[in-house]
Ligand code: AMP
């Protein structure tokens, strides 16, 4: 068992195993068995590549052998930072197959975040594209390797390569299977109770927490959400958000589609023309999106130029899709707006295809598994009656019991009886439908991408001209929320927005975390206890934006 991972208590292990919810099968093995039933079917399409289930697993197994031969071993960690490219599939499953644990970072992360993931997880490997969206990952990896001596394996997908780096493409082109008995990889079969992969939390503390997901729980995660969504072998799923996200990877995502023998269409492009032509060419039936993409697609003037009649469902996850936009999904795209309210820690809520219309338009769905325990609690931990707003807490067979190597934080983020505190304020009706109403946690949700406020505040505070800072959400028509930094300066200092951004860029963080507005003030509104009243600041910036909009 991976050190630093919190297992479920034995009585729950027993319950989940005996109920058959945990299949006791490693993730890659489970998928490979299904692949063997439909070897000639196309598993996924990515650019020019059309890859059958047989070829997908032949490549996964070849890479897995190469990884083992290179010295990677069960329980090792590799930070995986690959975008939506073909190599993602082979590398992710090649690692998981032999029990090497991918840490699922995202393409926009930069050296500060990646350095932290590498160090905190004790990773020995780092998988990158040579370049993506004009950013050179090789240079970043070179710099990180100088600082982190444990980092032995840098694996690169793409044309160019730095010294002592491993080319994933070359490994894929180099047969190795003839040198080993056909059952050789069985020796490296991971324990299904152990950690299969690590997701990142939206996080409320200074740095994102790592979420260890086991084989047992992640198979269930994908299976249950796919069942709630009605996936079958005819499903053609468009993976257009980063596959590394829990939503696109396994909730139900690509894994849920493959568990049901469907087909996946992988795209790195999100613009309406690219997406619409893929839907038309590949007869996509389901597209998994987030609010900014839905806004882009339903308002596109190109929508009428494409035959989108295959599209049945547009899923939305990461942040709430307003009823008005759900209506537009129906009217403009002629598709069912399926709300997915989920967490990378586990619990997933889905609106079902046969739900009553008012729940489809308004609710955030209900849990995908009957074994999900959900409660809405007040500040003292008491359960609230239906209809009252409180914090959503949850426990269940695919909701983790702790972050990786974070014992202190785990005490705050889980109740004593093992319920994960989501930090979401919700109400629940008698039928179990959940309605999101706001947040307890100090996170900004930028169209589904979470900004960890404390992390950004700490960086701004390190600026020599800044005396104090409060980062708050400001309303936005596309992203719902964006970050605004309220700053008190040191005496007689001045600062421009550009100064601040240049400074933060120099800190090598993902761009989506940057504040998008600066307000310099003399003081903050404070509570009697001296706490900054962020709610007042949020109201202040919302009013300012509204009056600027009116005077435009
Ligand atoms: P993540 O860990 O990035 O998956 O983020 C999980 C958090 O995103 C949840 O706790 C919610 O705050 C938010 N979230 C995800 N999906 C939705 C949704 N459909 N509606 C409202 N909030 C959502």
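Numbering (this note's numbering), first residue to last: 1145 to 1696. The beta-carbon is built from N, C-alpha and C at its ideal position, and this holds for glycine as well.
Residue i CB to nearest heavy atom of the ligand AMP below 7 Å
{"i": "residue 1589", "result": "yes"}
{"i": "residue 1582", "result": "no"}
{"i": "residue 1369", "result": "no"}
{"i": "residue 1486", "result": "yes"}
{"i": "residue 1249", "result": "no"}
{"i": "residue 1390", "result": "yes"}
{"i": "residue 1508", "result": "yes"}
{"i": "residue 1483", "result": "yes"}
{"i": "residue 1463", "result": "yes"}
{"i": "residue 1361", "result": "no"}
{"i": "residue 1567", "result": "yes"}
{"i": "residue 1594", "result": "yes"}
{"i": "residue 1346", "result": "yes"}
{"i": "residue 1460", "result": "yes"}
Buried or exposed by the 16-neighbour rule on C-beta atoms within 10 Å, applied to residue i
{"i": "residue 1163", "result": "exposed"}
{"i": "residue 1671", "result": "exposed"}
{"i": "residue 1659", "result": "buried"}
{"i": "residue 1358", "result": "buried"}
{"i": "residue 1248", "result": "buried"}
{"i": "residue 1392", "result": "buried"}
{"i": "residue 1176", "result": "buried"}
{"i": "residue 1488", "result": "buried"}
{"i": "residue 1638", "result": "exposed"}
{"i": "residue 1205", "result": "buried"}
{"i": "residue 1338", "result": "buried"}
{"i": "residue 1261", "result": "buried"}
{"i": "residue 1368", "result": "buried"}
Contact belief for residue i with residue j at Cβ below 8 Å, rounded distance in angstroms
{"i": "residue 1410", "j": "residue 1383", "result": "5 Å"}
{"i": "residue 1431", "j": "residue 1423", "result": "7 Å"}
{"i": "residue 1441", "j": "residue 1416", "result": "6 Å"}
{"i": "residue 1682", "j": "residue 1616", "result": "5 Å"}
{"i": "residue 1460", "j": "residue 1475", "result": "Contact flag wrong, Cβ pair sits at about 15 Å."}
{"i": "residue 1590", "j": "residue 1641", "result": "Rounded, the Cβ-Cβ distance is 17 Å, inconsistent with contact."}
{"i": "residue 1172", "j": "residue 1241", "result": "4 Å"}
{"i": "residue 1297", "j": "residue 1269", "result": "4 Å"}
{"i": "residue 1334", "j": "residue 1215", "result": "Rounded, the Cβ-Cβ distance is 17 Å, inconsistent with contact."}
{"i": "residue 1604", "j": "residue 1631", "result": "7 Å"}
{"i": "residue 1408", "j": "residue 1187", "result": "7 Å"}
{"i": "residue 1372", "j": "residue 1404", "result": "About 12 Å; that fails the 8 Å criterion."}
{"i": "residue 1652", "j": "residue 1256", "result": "5 Å"}
{"i": "residue 1555", "j": "residue 1567", "result": "Actually they are not in contact, since the Cβ atoms of residue 1555 and residue 1567 sit about 15 Å apart, beyond 8 Å."}
{"i": "residue 1538", "j": "residue 1560", "result": "Rounded, the Cβ-Cβ distance is 15 Å, inconsistent with contact."}
{"i": "residue 1425", "j": "residue 1312", "result": "Going by Cβ atoms, the distance from residue 1425 to residue 1312 rounds to 27 Å, so no, they are not a contact pair."}
{"i": "residue 1513", "j": "residue 1540", "result": "6 Å"}
{"i": "residue 1542", "j": "residue 1355", "result": "Their Cβ separation, rounded to whole angstroms, is 11 Å, which puts residue 1542 and residue 1355 out of contact at 8 Å."}
{"i": "residue 1301", "j": "residue 1385", "result": "About 19 Å separates the two Cβ atoms, so there is no contact after all."}
{"i": "residue 1465", "j": "residue 1435", "result": "6 Å"}
{"i": "residue 1284", "j": "residue 1310", "result": "The pair is not a contact, with the Cβ atoms about 16 Å apart (cut-off 8 Å)."}
{"i": "residue 1273", "j": "residue 1229", "result": "7 Å"}
Chain B contact for residue i (CB, 8 Å cutoff)
{"i": "residue 1359", "result": "Included in the structure is just one protein chain, with no chain B present."}
Beta bridge counterpart(s) of residue i as assigned by DSSP
{"i": "residue 1219", "result": "In DSSP, residue 1219 forms no bridge with anything."}
{"i": "residue 1193", "result": "1190"}
{"i": "residue 1613", "result": "1631"}
{"i": "residue 1275", "result": "1280"}
{"i": "residue 1594", "result": "1589"}
{"i": "residue 1438", "result": "Note: residue 1438 sits in no beta bridge, so no partner."}
{"i": "residue 1458", "result": "1431 and 1481"}
{"i": "residue 1246", "result": "1222"}
{"i": "residue 1625", "result": "1619"}
{"i": "residue 1493", "result": "1485 and 1511"}
{"i": "residue 1582", "result": "1569"}
The ligand HEM heavy atom lying under 7 Å from the CB of residue i
{"i": "residue 1378", "result": "By its list of ligands, the structure shown excludes the ligand HEM, since it contains just the ligand AMP."}
Q: May I have a chain-ordered list of the beta strand (DSSP E) segments no shorter than 3 residues that lie completely inside the stretch 1343 to 1388?
A: 1354 to 1358 and 1380 to 1383
>> Could you tell me which whole alpha helix (DSSP H) segments of length 4 or greater appear in the stretch 1511 to 1573?
In response: 1551 to 1557
* Starting from the N-terminal side, write out each stretch of the beta strand (DSSP E) that is 3 residues or longer and does not extend beyond the stretch 1634 to 1694. => 1661 to 1664
Taking only runs of the beta strand (DSSP E) that begin and end inside the stretch 1261 to 1339, which ones reach a length of at least 3 residues, in chain order? 1269 to 1273 and 1297 to 1301
- [ ] Please specify which runs of the alpha helix (DSSP H), each continuous and at least 4 residues long, are wholly inside the stretch 1383 to 1425, giving them in chain order.
- [x] 1390 to 1394 and 1397 to 1403
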